[in-house]
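These notes are about the structure you will find just below.
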Amino acid sequence: MPARLVIEGGVPLRGVIVASAAKNAALPALVAGLLTAEPLTLTNVPALGDVGTMVTLLRTLGAGVERDGTRVTVRAARIASDVAPYELVSTMRASVLVLGPLVARHGSARVALPGGCAIGVRPIDQHLKGLARLGATIAIENGYVVAQASRLKGARIATDLVTVTGTENLMMAAALAEGTTIIENAAREPEVVDLAALLTAMGARIAGAGTARLEIEGVPDLAGATHAIVPDRIEAGTLLVAGAITRGDVTVTGLVPDHLTAVLAKLEECGVALEVGPTWVRAHGPERPQPADITTSPFPGFPTDMQAQLMTLLGLADGQSRVTETIFENRFMHVAELARMGASIEAEGSVAIIRGVSAYQGAPVMASDLRASAALVLAAIAARGRTEISRVYHLDRGYEAIESKLGALGARVERLA
Ligand code: EPU
Numbered sequence: 005m006p007a008r009l010v011i012e013g014g015v016p017l018r019g020v021i022v023a024s025a026a027k028n029a030a031l032p033a034l035v036a037g038l039l040t041a042e043p044l045t046l047t048n049v050p051a052l053g054d055v056g057t058m059v060t061l062l063r064t065l066g067a068g069v070e071r072d073g074t075r076v077t078v079r080a081a082r083i084a085s086d087v088a089p090y091e092l093v094s095t096m097r098a099s100v101l102v103l104g105p106l107v108a109r110h111g112s113a114r115v116a117l118p119g120g121c122a123i124g125v126r127p128i129d130q131h132l133k134g135l136a137r138l139g140a141t142i143a144i145e146n147g148y149v150v151a152q153a154s155r156l157k158g159a160r161i162a163t164d165l166v167t168v169t170g171t172e173n174l175m176m177a178a179a180l181a182e183g184t185t186i187i188e189n190a191a192r193e194p195e196v197v198d199l200a201a202l203l204t205a206m207g208a209r210i211a212g213a214g215t216a217r218l219e220i221e222g223v224p225d226l227a228g229a230t231h232a233i234v235p236d237r238i239e240a241g242t243l244l245v246a247g248a249i250t251r252g253d254v255t256v257t258g259l260v261p262d263h264l265t266a267v268l269a270k271l272e273e274c275g276v277a278l279e280v281g282p283t284w285v286r287a288h289g290p291e292r293p294q295p296a297d298i299t300t301s302p303f304p305g306f307p308t309d310m311q312a313q314l315m316t317l318l319g320l321a322d323g324q325s326r327v328t329e330t331i332f333e334n335r336f337m338h339v340a341e342l343a344r345m346g347a348s349i350e351a352e353g354s355v356a357i358i359r360g361v362s363a364y365q366g367a368p369v370m371a372s373d374l375r376a377s378a379a380l381v382l383a384a385i386a387a388r389g390r391t392e393i394s395r396v397y398h399l400d401r402g403y404e405a406i407e408s409k410l411g412a413l414g415a416r417v418e419r420l421a
């Protein structure tokens with residue numbers, strides 16, 4: 005039987021915990037290793053399922069990857085294969101990030117089309133349109149994107165919507181293109197800014213990171229570098245909710261509070277007492293949360309990756325809340341499982357109406373995607389009684405040692421193999 009988590013709820017979490025580095029920054033950072041023949045070293049890579057999948061993919065493409073604890077070195081002296089196979093892309097959509105670097109460095113890429121996933125359709129048309137603007141020829145053959153270019157050429161790209169991995173893919177491709185690329189409507193997420201910093205350390209010329217307009221002057225080659233990945237704002241936010249939802253007192257350190265502005269504002273609105281330091285945030289839970297309305301949007305708006313966790317907190321609020329999900333069309337899968345724990349939530353289309361209940365009850369529940377799983381963990385630590393969460397491999401994709409972190413704060417969490 006796949007691993008399960010068994011949680012005895014009702015303990016107020018207390019203590020100090022360090023945020024891990026961000027999954028969604030680690031993945032593109034690893035891929036950046038394909039852009040240079042020299043070694044690229046990342047110093048604080050989190051131990052996550054998705055990181056393992058990305059390492060496997062890089063090795064499949066011919067890169068050497070050495071892992072020594074949290075230190076990972078990627079050596080892509082040459083690209084041996086340009087194929088990102090379906091087995092890996094279907095396991096992890098972020099595999100599509102190799103597309104831009106492979107075309108830019110190697111001249112060709114064959115990357116399986118990801119298809120739909122649990123949270124939505126998630127097309128990659130903007131990645132492909134952007135690469136075509138940079139001069140790549142793009143074809144779809146037998147379920148694979150086949151992209152080719154002898155040398156990409158800088159161009160002006162305006163994406164139709166804000167896409168995080170799309171921006172990252174195009175930024176990496178443009179870094180090795182001939183001439184200047186402008187990306188309008190670029191994603192402004194901290195993970196995009198972190199990738200820009202890494203590429204700059206490798207010799208890329210990028211201006212405007214963190215704004216909606218990136219200007220990238222292509223260079224013929226990039227060099228190796230050493231880089232520490234930005235802290236995980238979503239893991240940090242999840243742990244702060246863990247403190248709040250158990251009426252506890254949790255401090256998360258080693259983070260960048262500015263990356264959490266929208267989340268912290270909502271937590272305050274819910275009545276969570278916050279103290280914010282230069283690299284830490286302390287959350288002190290209210291007796292009962294206040295209701296709030298949330299609409300997800302690209303950074304600096306409220307992140308879709310925190311929607312399920314905040315909804316879980318609102319599920320216990322003294323009143324009615326409304327959550328609108330604008331990024332993904334099917335990101336309410338936690339709703340049905342939370343209902344099994346006593347939540348009163350009605351979801352229709354992109355809107356969920358949450359009528360707060362006074363407590364959750366432990367129940368057997370099933371994880372469906374990464375953030376929905378985090379929501380179930382939060383409900384479980386707050387609940388009366390015992391919750392058993394199955395399919396925790398979803399959680400392991402993006403939360404490092406979650407049971408030890410929560411355990412260190414006093415939660416009663418056990419992993420059953
Ligand atoms: N979209 C398109 N066409 C494209 C690209 C995106 O229509 O070519 C749509 C998507 O379907 C979605 C919206 O645009 O409706 C935004 O998607 P985006 O491309 O920004 O998402 P992503 O890059 O695939 C990253 C994170 C996600 C996070 C989203 C939004 C990584 C590896 N993944 O995905 O993280 O939810 O940005 O912030 O960075 C997670 O960690 O749980 C997770 C799903």
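Residue 5 is where the sequence shown starts when you use the numbering used here, and the numbers rise one by one after that. We put the CB at the ideal spot given by N, CA and C, even for glycine.
For residue i, name the three-state secondary structure that DSSP assigns.
i, result
"Glu-333", "coil"
"Thr-57", "helix"
"Ser-325", "strand"
"Asp-253", "strand"
"Asp-309", "helix"
"Ala-81", "coil"
"Met-315", "helix"
"Gly-212", "coil"
"Arg-401", "coil"
"Val-234", "coil"
"Pro-6", "coil"
"Ala-18", "For clarity, residue 18 is Arg in the given sequence; the question names Ala instead. In this structure, Arg-18 counts as strand in the three-state DSSP scheme."
"Ile-123", "coil"
"Val-396", "coil"
Quick one: measure Cβ to Cβ for residue i and residue j, integer angstroms, because I've assumed they're closer than 8 Å.
i, j, result
"Pro-302", "Val-166", "4 Å"
"Gly-289", "Gly-247", "6 Å"
"Ala-162", "Gln-152", "That pair is no contact at about 23 Å."
"Ala-379", "Thr-316", "4 Å"
Give the DSSP bridge partners of residue i, in chain order.
i, result
"Lys-432", "In this structure the chain extends from 5 to 421, so residue 432 is not present and cannot be described."
"Pro-295", "For Pro-295, which the question treats as bridged, DSSP gives no partner whatsoever."
"Tyr-148", "Ala-116, Glu-145"
"Leu-278", "Ala-287"
"Asp-72", "Arg-75"
"Ala-88", "Val-115"
"Ser-348", "Arg-359"
"Gln-365", "Arg-388"
"Met-176", "The partner list for Met-176 (beta bridge, DSSP) is empty, contrary to what the question assumes."
Hey, out of the options, whose CA is closest to residue i's CA?
i, options, result
"Leu-399", "Arg-375, Pro-127, Ala-153, Val-280", "Arg-375"
"Arg-209", "Met-176, Ala-143, Glu-333, Ala-415", "Met-176"
"Arg-344", "Glu-279, Ala-312, Gly-56, Thr-391", "Thr-391"
"Val-100", "Ala-181, Pro-282, Ile-349, Asp-129", "Asp-129"
"Leu-62", "Asp-72, Val-76, Ala-51", "Val-76"
"Gly-147", "Leu-117, Lys-157, Ala-159", "Leu-117"
"His-110", "Ala-363, Glu-12, Gly-13, Gly-66", "Gly-66"
"His-231", "Gly-360, Leu-202, Val-22, Ser-112", "Leu-202"
"Tyr-397", "Gly-53, Thr-265, Thr-169", "Gly-53"
"Gly-170", "Arg-82, Ala-211, Glu-12, Pro-105", "Pro-105"
"Gly-37", "Ala-229, Glu-145, Asp-373", "Ala-229"
"Asp-297", "Met-58, Pro-304, Gln-311", "Gln-311"
"Val-168", "Ala-190, Val-149, Ala-159, Val-150", "Ala-190"
"Ser-348", "Ile-142, Leu-320, Glu-193, Asp-225", "Leu-320"
Discussion item. Would you call the stretch 176-195 in contact with the stretch 129-138, where contact means no fewer than 3 C-beta pairs closer than 8 Å?
Written reply: Under the 8 Å Cβ criterion, the stretch 176-195 counts as touching the stretch 129-138, having at least three qualifying pairs.
Worksheet item: Quick check: the stretch 350-358 against the stretch 379-386, are there 3 or more CB pairs under 8 Å?
Response: Touching, no.
Worksheet item: For the stretch 406-419 against the stretch 269-284, are there 3 or more C-beta pairs whose distance is under 8 Å?
Response: Between the stretch 406-419 and the stretch 269-284 there are fewer than three inter-stretch CB-CB distances shorter than 8 Å, so the stretches are not counted as touching.
Worksheet entry | Any 3 or more C-beta pairs closer than 8 Å across the stretch 400-414 and the stretch 235-247 | Judged by pairs of C-beta atoms under 8 Å, the stretch 400-414 touches the stretch 235-247, as three or more such pairs exist.
Practice prompt. Decide yes or no for the touch test of the stretch 181-199 against the stretch 32-46: beta carbon pairs closer than 8 Å, at least 3 of them.
Written response: Between the stretch 181-199 and the stretch 32-46 there are three or more C-beta pairs closer than 8 Å, enough to call the two in contact.
Worksheet item: Are the stretch 16-23 and the stretch 250-267 touching, with three or more C-beta to C-beta distances below 8 Å?
Response: Touching, yes, given that three or more Cβ pairs across the two stretches are closer than 8 Å.
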